[in-house]
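Reading the sequence shown from the start, the letters are residues 888 to 1021 in our numbering.
We put the CB at the ideal spot given by N, CA and C, even for glycine.
Okay, so here's the structure we're looking at.
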Amino acid sequence: MNFLNTSPGRPGQEIMNAVELKQWIDGLNVGDKWVVANPSRLLVRNIVVLRKTPTQLVVIEGGVEHRYRLKDGRRVGDNLVTISPPSSAEKIAEARAAIKANRLAVVFTRMNWRNLPLEKLEQVAALIGVEVPA
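Right, dumping it as structure tokens:
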């Protein structure tokens, strides 16, 4: 079963109780993929199931291999982290927009504005609504 941004029977559902999480984990198979996003952390990651052992689910998350317990979804060696269920399409779009805005802000910060022609600077000022005294 391959899916993207859906939970079995609950499309777009991101918050699951312990029973639902266990059922979702039990339904995962090798090769299943999903996307998780967190706009406040500027994060969009793909997760792929590599292996499923009798007690663990092994996934690649953002290029890093992680192991989670099948019984409760908690990461092996770190009880505070639980496997992330798929994010909704809206949350992914929001995170991608936040990442783009952050990158643009960095580009604008690093620009050498003094080398731009006056006309370009005036156009930018007009676009962002900045009044420059004569």
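Beta-carbon spacing of residue i, residue j below 9 Å
i    : j     : result
L915 : A924  : no
K958 : T942  : yes
G918 : V936  : yes
V993 : L1003 : no
P926 : A984  : yes
R938 : E948  : no
Distance between residue j and residue i (C-alpha atoms, nearest Å)
i     : j     : result
E907  : A988  : 35 Å
L1008 : P1020 : 13 Å
S975  : E981  : 10 Å
V922  : H953  : 15 Å
Q910  : G1016 : 52 Å
R1022 : N966  : No information on residue 1022 is available, as it lies outside the stretch 888 to 1021 that the chain covers here.
Closest by C-alpha distance to residue i, when choosing among the options
i    : options             : result
K920 : T940, N904 and L944 : L944
D913 : N933, I934 and Y955 : Y955
I934 : R990, R997 and I970 : I970
Heavy atom of the ligand ZN within 8 Å of residue i beta-carbon
i    : result
R961 : The ligand ZN is not part of the structure shown, which contains no ligands of any sort.
Residue i in three-state terms, based on DSSP
i     : result
E907  : helix
I970  : coil
V994  : helix
L1014 : helix
D965  : strand
Assigned exposure category for residue i - 16 Cβ within 10 Å defines buried
i     : result
K978  : buried
P972  : buried
W1000 : exposed
G960  : buried
V946  : buried
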